[in-house]
Amino acid sequence: MSKTYQQLKIKLLKNRETKKAYNELGAEFSLIEAVIEKRLEKGLSQKELAQMIGTKQSAISRFEAGGYNPTIAFLQKMACAMGLNVKISLTEK
1 MSKTYQQLKI KLLKNRETKK AYNELGAEFS LIEAVIEKRL EKGLSQKELA QMIGTKQSAI
61 SRFEAGGYNP TIAFLQKMAC AMGLNVKISL TEK
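This is how it looks when you write it as structure tokens:
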């Protein structure tokens, strides 16, 4: 993950309201963060990933911004395009 992303995350989480929302949506944010991290590791832009899965860059942007509730099929397409698998599990609290 790039230092810039980590620095932005640290800065944003200093805000109480932002941190509260982040904690309440922990699983969603963790998933988004993982996808962004992998996309950046693979050296892909949002536009490139979108082209690989047959969608628009704006769909990737909305997902990464937390403004889109993706289907499992959408997640699988993104993962497959990056040479990854989706694994979903439920655990005790």
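Residue numbers (the UniProt record's numbering): 1 to 93. Glycine included, every Cβ here is placed at the ideal spot set by N, Cα and C. Source: prediction; values computed, not measured.
Tell me the DSSP secondary structure of residue i in three-state form.
{"i": "LEU84", "result": "coil"}
{"i": "ASN23", "result": "helix"}
{"i": "LYS56", "result": "coil"}
{"i": "SER30", "result": "helix"}
Check each candidate in the options and name the one with the smallest Cα separation from residue i.
{"i": "ARG62", "options": "ASN23, ASN85, VAL35 and GLN76", "result": "VAL35"}
{"i": "MET78", "options": "LEU90, SER89, THR91 and GLU64", "result": "GLU64"}
{"i": "ALA81", "options": "LEU44, PRO70, TYR22 and ASN69", "result": "LEU44"}
{"i": "LYS93", "options": "GLY26, ARG16, LEU49 and GLU37", "result": "GLY26"}
Answer with buried or exposed for residue i, where buried requires no fewer than 16 other C-beta atoms within 10 angstroms of its C-beta.
{"i": "MET1", "result": "Low local confidence applies: a pLDDT of 48 at MET1 is under 50, so the model's placement there is unreliable, with the coordinate-based value given in what follows. Per the 10 Å Cβ criterion, exposed."}
{"i": "ALA73", "result": "exposed"}
{"i": "GLN49", "result": "Note that residue 49 is Leu in the sequence shown here, rather than Gln. Buried is the call here."}
Quick test of your reading: residue i and residue j, contact by CB under 8 Å. State the CB separation rounded to the nearest angstrom.
{"i": "THR18", "j": "LEU12", "result": "5 Å"}
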